[in-house]
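Step one of this worksheet: look at the structure below.
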Amino acid sequence: MSYEILRLIWWALLGILLIGFAVTDGYDLGSAVLSPFVARTDLERRQVLNTIGPFWEGSQVWFILGGGAIFAAWPALYAASFSGFYLAMFAVLASLIFRPLAIVYRSKLANTRWRAWWDGVLFVTGLVPALVFGVAFGNLFLGVPFGFDADLRFHSDITLLSLLHPFPLLVGLVSLTMLLLHGATWLSWKAEGPVGARARSIVPLLAATFVALFVIAGFWLLAFKGYVLTAPLAHDAPSNPTLKHVAQTAAGWFANYLAQPLLWLAPILVVAAAALVVLLRRRPLLAFLTSGLAVAATIATAGFALFPFLLPSSSEPGASLTVWDASSSRLTLEIMLGCVILFLPFVLVYTAWVYRVMRGPVRTEDIADDHGAY
Amino acid sequence: MDIVILSRLQFATTALYHFLFVPLTLGLSLILLIMECVYVMTGRTIWRDMTKFWGTLFGINFAMGVATGITMEFQFGTNWAYYAHYVGDVFGAPLAIEGLMAFFLESTMVGLFFFGWNRMSKVGHLFVTACVAIGSNLSALWILIANGWMQFPVGAKFNPDTMRMEVADFSAVLFNPVAQAKFVHTVAAGYVTGSMFVLAISALYLLQKRFRPLALRSMTVAASFGLASALCVVVLGDESGYTASANQKMKIAAIEAMWETEPAPASFTLVGIPDLAGKRTDLAVKIPWVLGIITTRSTDTVVPGINDLVKLADQRIRNGLIAYDTLAKLRADRGNAQLRAQLDAHVADLGYALLLKRFRPDIEHATDADIARAAESTIPNVPVLFWSFRLMVACGFWFIALFATAFYFSATRRLDRYRVFLVAALASLPLPWLAAELGWIVAEYGRQPWVIEGVLPTFLGVSGTDAHNVLFSLLGFVVFYSGLAVADVYLMVKYIRLGPDGTLGHPVAAPGMRGEAIA
Chain A
1 MSYEILRLIW WALLGILLIG FAVTDGYDLG SAVLSPFVAR TDLERRQVLN
51 TIGPFWEGSQ VWFILGGGAI FAAWPALYAA SFSGFYLAMF AVLASLIFRP
101 LAIVYRSKLA NTRWRAWWDG VLFVTGLVPA LVFGVAFGNL FLGVPFGFDA
151 DLRFHSDITL LSLLHPFPLL VGLVSLTMLL LHGATWLSWK AEGPVGARAR
201 SIVPLLAATF VALFVIAGFW LLAFKGYVLT APLAHDAPSN PTLKHVAQTA
251 AGWFANYLAQ PLLWLAPILV VAAAALVVLL RRRPLLAFLT SGLAVAATIA
301 TAGFALFPFL LPSSSEPGAS LTVWDASSSR LTLEIMLGCV ILFLPFVLVY
351 TAWVYRVMRG PVRTEDIADD HGAY
Chain B
375 MDIVILSRLQ FATTALYHFL FVPLTLGLSL ILLIMECVYV MTGRTIWRDM
425 TKFWGTLFGI NFAMGVATGI TMEFQFGTNW AYYAHYVGDV FGAPLAIEGL
475 MAFFLESTMV GLFFFGWNRM SKVGHLFVTA CVAIGSNLSA LWILIANGWM
525 QFPVGAKFNP DTMRMEVADF SAVLFNPVAQ AKFVHTVAAG YVTGSMFVLA
575 ISALYLLQKR FRPLALRSMT VAASFGLASA LCVVVLGDES GYTASANQKM
625 KIAAIEAMWE TEPAPASFTL VGIPDLAGKR TDLAVKIPWV LGIITTRSTD
675 TVVPGINDLV KLADQRIRNG LIAYDTLAKL RADRGNAQLR AQLDAHVADL
725 GYALLLKRFR PDIEHATDAD IARAAESTIP NVPVLFWSFR LMVACGFWFI
775 ALFATAFYFS ATRRLDRYRV FLVAALASLP LPWLAAELGW IVAEYGRQPW
825 VIEGVLPTFL GVSGTDAHNV LFSLLGFVVF YSGLAVADVY LMVKYIRLGP
875 DGTLGHPVAA PGMRGEAIA
């Protein structure tokens, strides 16, 4: 397989892993943030926890695998984004450290202060990743200040404050409302009784907010200069991100959409799916699957706009990371693709099996008598 | 503060902390599998209750292992960005495969382990438990393949176009002998930890005269599994020593505090007082022949001493400087085939030249004095390695003795007869953790000054980020981890005190069995 095709496949796989994470762990995060609003008693809080209880660990692996895949397939991106977005990453990391313990430890003691503390932790650790991932994505469109020296040592002037431009903050809200919607459809499906009903009742509001913010972000993006390659870049050359020329042009992020009108299907799908979620909200499983589709289409919309850029540099545009000069060697991409083809189907099969075994709604009365429940 | 020191401190702290939870997960997952197998085969419900009770403690520990493990993966990017760039092509792959093949299996199934008891057949649930155990052990395999490559970087080649190491032969990375030996040694250490956990807490119950049926059966499992594992740990630790001797001669010499090369077969220093400044070991008690035989499996192969290895490093630095100089010329003239050939001839020592960067940025102008300092810098901290290793090995032999005793008492049905044995079992609870942490100190601190042995010095691997960021996150981890340790220990103690009856909400007994009988 040619190096060019392999790089394209790994760009697509990067998107698939992100989507896998956002669709599976996304409803966990969304449910955790919604919990204080839809669950009023201790038993209802536990009901929310037990809807995600059997699944969250597997869902979180999508994120860990995403990190591992970036490390293996896009090491330059891994080095640049993780060290560049240092404090933002630390905030996400702190959330991912505390969240598992909030889920597992919360109901292990009857003490109300203990439970209130972990409820607080659960809320914050759901909110932070949902926001930060959006803010980070928003910054990709603006570019961040970084470059490389002759040894390809990465240096950057990114600070936490420099990431908090209004546009990325808006994208953060897009991401948050998207995952809240997804969490609401999940609870509407899995939590029987008042909690599910409350979640269902806020679906229209969340869907409308999400679509409005998504569309505003799209129009706002027109105001920014996008990044474009000024000379064709060899698609099969060794990965060295310092040997190219990049310029910023007005509405550059729409270049792919203008060149390939079929891509418009992705943003159209986002709006259509969100509308469909509202219409289907009385059929909870379908609504949940549709909100998952909206999540996937949102990520695809952003990815199509950015291609072939992975991380644009605002200070030294020529050092931007692209699909063509930031990947692993051909052999590594080949080996890793083989592993994905071999193992990912198994992952999907046993994940589906776990959802099947744990099918059916979670009821408050079952939790009350179950010593093993969270 | 210096970013290299802060980054190393953060990695050491978070890795040692993470490894408080990993070995227990590795060991307990298999012990749960054994217990549930007995339940499925005999149908005796006490074995199901044992699985559930120890499973609850497993769950408290597992969540901590997952939470602290994410830090490890992230850190290669946040704090070790140049490392990630320089070796990501090789090192990233096993980490990604670990997620895909092992961690996914383990994490997806662990939910069913806790929530699936009433939703599946007995065999179905046993399958889930088996997947958790297999997943966590496979996870260790891939992590140790990655770590083994840091100790013995086989199957990779430097690419001057991309300025990094790239995979040349993936099967060499996969079947790295160092990785194989480390894997078996590490998982066996995990099995010892799991066995000791079960043994010690069961001993506590017997001392308190509570939950006798559960404690006796649990102890029997722990005794036999623990004995087999303790034997494995020591034998395969020896295998680790043998494989390390092939490429990490400095680590072996430092562990032995062996300054001068001895005629083969070298003697083993049982105890002594290594003196780093004076380059000698005082009051050494030596056993002839033992070191030579352990590390070379022969009586005539020489084990080189530290002083000779420093001389060798000196030569390799000089050779590496030729590679470094050629690389600079090649950057200006990328198509020059002659320069490429010259680089290939010397590139194996490029990493040694990079050691000089600690002393001056313009290493092409290095003086003989600089080179001598850089060569000296290849000596790791001898006293720390010397003592950590000896303490770890002493723990290993104690485990064999303790589990052998437990096994004998279990076979002769005298597990609760001798109070002194039960107290010793309980008091030994922290030792497997101590041994495991010391083992990592020997392996990783002993690899210094390299992050990838002979290829990339540790100080070059760090990120270009502001040192304050690293300090901030380090303090954050210390505060978070301390708080979480309190919560974890509190819950563990609470559920151990509650015991099986309180945890499961019904008395755990063996119906129709006399107290003496087991299984």
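Chains A and B supply the protein sequences, listed in that same order. So that you can map any letter, position 183 of the first sequence is 183 in the working numbering, and since no number is skipped, the others follow by simple counting. In short: position in the second sequence from 1, add 374, done, that's the working numbering. Where a beta carbon is used, it is the ideal one built from N, C-alpha and C, also for glycine. In this text the structure is predicted, and so the values were computed from the model without any measurement.
Self-check item: Straight-line gap, D236(A) to W324(A) (C-alpha atoms, nearest Å)
Solution: Against the first sequence, residue 236(A) aligns to sequence position 236. Against the first sequence, residue 324(A) aligns to sequence position 324. Approximately 7 angstroms between the Cα atoms of the pair.
Exercise. Could you tell me if the beta carbon of A437(B) falls within a distance shorter than 7 angstroms of some heavy atom in the ligand MG?
Key: Absence of the ligand MG is noted for the structure shown, with no ligands found whatsoever.
Self-check item: Partners in chain B for F154(A), counting only beta-carbon separations shorter than 8 angstroms
Solution: Taking the first sequence and counting its residues from 1, one reaches residue 154(A) at position 154. Neighbours of F154(A) on chain B, chain order: A455, Y456, H459, S837, G838.
Practice problem: Below 6 angstroms CB to CB, which residues in the same chain sit around L127(A) once its five sequence neighbours on both sides are set aside? | Solution: Within the first sequence, numbered from 1, the residue matching residue 127(A) stands at position 127. Excluding its 5 nearest sequence neighbours in each direction, L127(A) has C-beta neighbours in its own chain below 6 angstroms: V33, listed in chain order.
Practice problem: Indicate whether the contact test is met: 3 or more Cβ pairs, each with one atom in the segment 842 to 857 of chain B and one in the segment 396 to 411 of chain B, closer than 8 angstroms. | Solution: no
Quiz item: Do L729(B) and A743(B) have their C-beta atoms within less than 8 angstroms of each other?
Solution: Here residue 729(B) refers to the residue found at position 355 of the second sequence. Here residue 743(B) refers to the residue found at position 369 of the second sequence. No. Outside cutoff.
Quiz prompt | Sequence-distant residues of the same chain with beta carbon closer than 7 angstroms to G147(A), five excluded per side | solution = Taking the first residue of the first sequence as position 1, residue 147(A) is located at position 147. Same-chain partners within the cutoff: H155, S313, S315, E316, A319.
Exercise. Could you please give me the residues that DSSP links to L573(B) through a beta bridge?
Key: Taking the first residue of the second sequence as 1, we reach residue 573(B) at position 199. Paired residues: none, contrary to the question.
Quiz prompt | Delimiting residues of the beta strand (DSSP E) encompassing Y227(A) | solution = For the purposes of this step, residue 227(A) is identified with residue 227 of the first sequence, where counting begins at 1. Unbroken beta strand (DSSP E) run through Y227(A): 225 to 229.
Quiz item: What residue ranges within the segment 502 to 581 of chain B form continuous alpha helix (DSSP H) runs of no fewer than 4 residues, ordered along the chain?
Solution: 544 to 548, 551 to 581
Quiz item: Of the residues L590(B), W807(B), G498(B), which one's Cα is nearest the Cα of V396(B)?
Solution: In the second sequence, residue 396(B) corresponds to position 22, counting from 1. Considering only alpha carbons, the answer is W807(B).
Quiz prompt | Residues in the segment 662 to 678 of chain B having any Cβ partner in chain A nearer than 7 angstroms | solution = none
Quiz item: For W74(A), does the three-state DSSP call read helix, strand or coil?
Solution: On the first sequence, residue 74(A) is found 74 positions in, with the first residue counted as 1. The answer is coil: DSSP assigns W74(A) none of H, G, I, E or B.
Self-check item: Start and end residues, beta strand (DSSP E) containing W824(B)
Solution: Counting from one through the second sequence, the residue named residue 824(B) turns up at place 450. W824(B) -> beta strand (DSSP E) spans 824 to 826.
Quiz item: So, is G889(B) buried or exposed, given that buried needs 16 or more other C-beta atoms within 10 angstroms?
Solution: Residue mapping note: residue 889(B) aligns to position 515 of the second sequence, counting from 1. Per-residue confidence for G889(B) stands at a pLDDT of 43, beneath the threshold of 50, marking its modelled position as unreliable; the derived number appears in the next sentence. Exposed, since its Cβ has fewer than 16 Cβ neighbours within 10 Å.
Practice problem: Leaving out five residues on either side along the sequence, give the residues of the same chain with a beta carbon under 7 angstroms from the beta carbon of D682(B). | Solution: On the second sequence, position 308 is the one that residue 682(B) refers to. Hits under 7 angstroms: T635.
Self-check item: Short CB-CB distance (under 8 angstroms) between S847(B) and chain A
Solution: Counting from 1 along the second sequence, the entry for residue 847(B) is found at position 473. True, the Cβ-Cβ gap to chain A drops below 8 angstroms.
Quiz item: Can you list the beta strand (DSSP E) stretches of 3 or more residues lying completely in the segment 271 to 332 of chain A, in chain order?
Solution: 309 to 311
Practice problem: Entirely within the segment 86 to 130 of chain A and at least 4 residues each: give me those alpha helix (DSSP H) ranges in chain order. | Solution: 86 to 105
Exercise. Measure from the alpha carbon of S162(A) to the alpha carbon of each residue in D119(A), A88(A), F224(A), then state which is nearest.
Key: For this step, residue 162(A) is matched to residue 162 along the first sequence. Closest option to S162(A), Cα to Cα, is A88(A).
Quiz prompt | Beta-carbon contacts of P551(B) that lie in its chain and below 6 angstroms, excluding the five residues immediately before and after | solution = Within the second sequence, residue 551(B) is the residue found at index 177, counting from 1. Hits under 6 angstroms: T617.
Quiz prompt | Length of the line joining the Cα atoms of D149(A) and A231(A) | solution = Numbered from 1 along the first sequence, position 149 holds the residue referred to as residue 149(A). Numbered from 1 along the first sequence, position 231 holds the residue referred to as residue 231(A). Between D149(A) and A231(A), the C-alpha separation is close to 22 angstroms.
Quiz prompt | C-alpha gap between L293(A) and A300(A), whole angstroms | solution = As a position in the first sequence, residue 293(A) is number 293, starting the count at 1. As a position in the first sequence, residue 300(A) is number 300, starting the count at 1. L293(A) and A300(A): Cα-Cα distance of roughly 10 angstroms.
Self-check item: Three or more C-beta pairs below 8 angstroms linking the segment 470 to 485 of chain B and the segment 449 to 462 of chain B
Solution: no
Exercise. Kindly list, in the order they appear in chain B, the residues whose Cβ is closer than 7 angstroms to that of Y375(A).
Key: Limits of chain A in this structure are 1 at one end and 374 at the other, which puts residue 375(A) out of reach.
Practice problem: Leaving aside the five residues before and after H720(B) along the sequence, list all residues of the same chain whose C-beta is less than 8 angstroms from its C-beta, in chain order. | Solution: As a position in the second sequence, residue 720(B) is number 346, starting the count at 1. N693, G694, I696, A697, T700, listed in sequence order.
Practice problem: With 8 angstroms as the threshold, decide whether the Cβ of E44(A) is near any Cβ in chain B. | Solution: Reading the first sequence from its first residue, position 44 is the one you call residue 44(A). Not closer than 8 angstroms to any Cβ of chain B, the Cβ of E44(A) fails to qualify, so no.
Quiz item: Using 8 angstroms as the Cβ pair cut-off and three pairs as the minimum, do the segment 213 to 225 of chain A and the segment 247 to 260 of chain A touch?
Solution: yes
Quiz item: DSSP state of L233(A), grouped into three classes?
Solution: Counted from its first residue, the first sequence places residue 233(A) at position 233. Note: L233(A) maps to coil in three-state DSSP.
Quiz item: Mind checking A891(B): buried by the 16 CB within 10 Å criterion, or exposed?
Solution: Start at 1 with the first residue of the second sequence, and residue 891(B) comes out as number 517. Here the model assigns A891(B) a pLDDT of 43, short of 50, so the residue's position is not dependable and the matter cannot be decided.
Quiz item: To the nearest angstrom, how far is it from the Cα of I9(A) to the Cα of P100(A)?
Solution: Here the question's residue 9(A) lines up with position 9 in the first sequence. Here the question's residue 100(A) lines up with position 100 in the first sequence. Straight through space, the alpha carbons of P100(A) and I9(A) are spaced by roughly 32 angstroms.
Quiz prompt | Whole-angstrom C-beta distance between P874(B) and F585(B), which should lie under 8 angstroms | solution = The residue you call residue 585(B) lines up with position 211 of the second sequence. The residue you call residue 874(B) lines up with position 500 of the second sequence. Going by Cβ atoms, the distance from F585(B) to P874(B) rounds to 6 angstroms, so yes, they are a contact pair.
Self-check item: Per-residue burial, I341(A) [other beta carbons within 10 Å of its own, 16 or more giving buried]
Solution: The count along the first sequence starts at 1 and reaches residue 341(A) at position 341. Burial call: exposed.
Quiz item: What is the rounded straight-line gap between the Cα of A893(B) and the Cα of L280(A)?
Solution: Residue 893(B) sits at position 519 when you count from the first residue of the second sequence. Residue 280(A) sits at position 280 when you count from the first residue of the first sequence. Residue placement at A893(B) is poorly supported in this model, since its pLDDT is 41, which falls under 50; the coordinates still yield a value, given next. Per the coordinates, the alpha-carbon of A893(B) lies some 55 angstroms from the alpha-carbon of L280(A).
Quiz item: For F133(A), which residues from the same chain have a beta carbon less than 6 angstroms from its beta carbon, with the 5 sequence-adjacent residues on both sides left out?
Solution: Locating residue 133(A) in the first sequence gives position 133, counting from the first residue. Around F133(A): S175.
Self-check item: Own chain partners of K190(A) with C-beta closer than 7 angstroms, once the 5 adjacent residues on each side are dropped
Solution: To locate residue 190(A), count along the first sequence from 1; it is residue 190. Here the set comprises T51, P361, V362.
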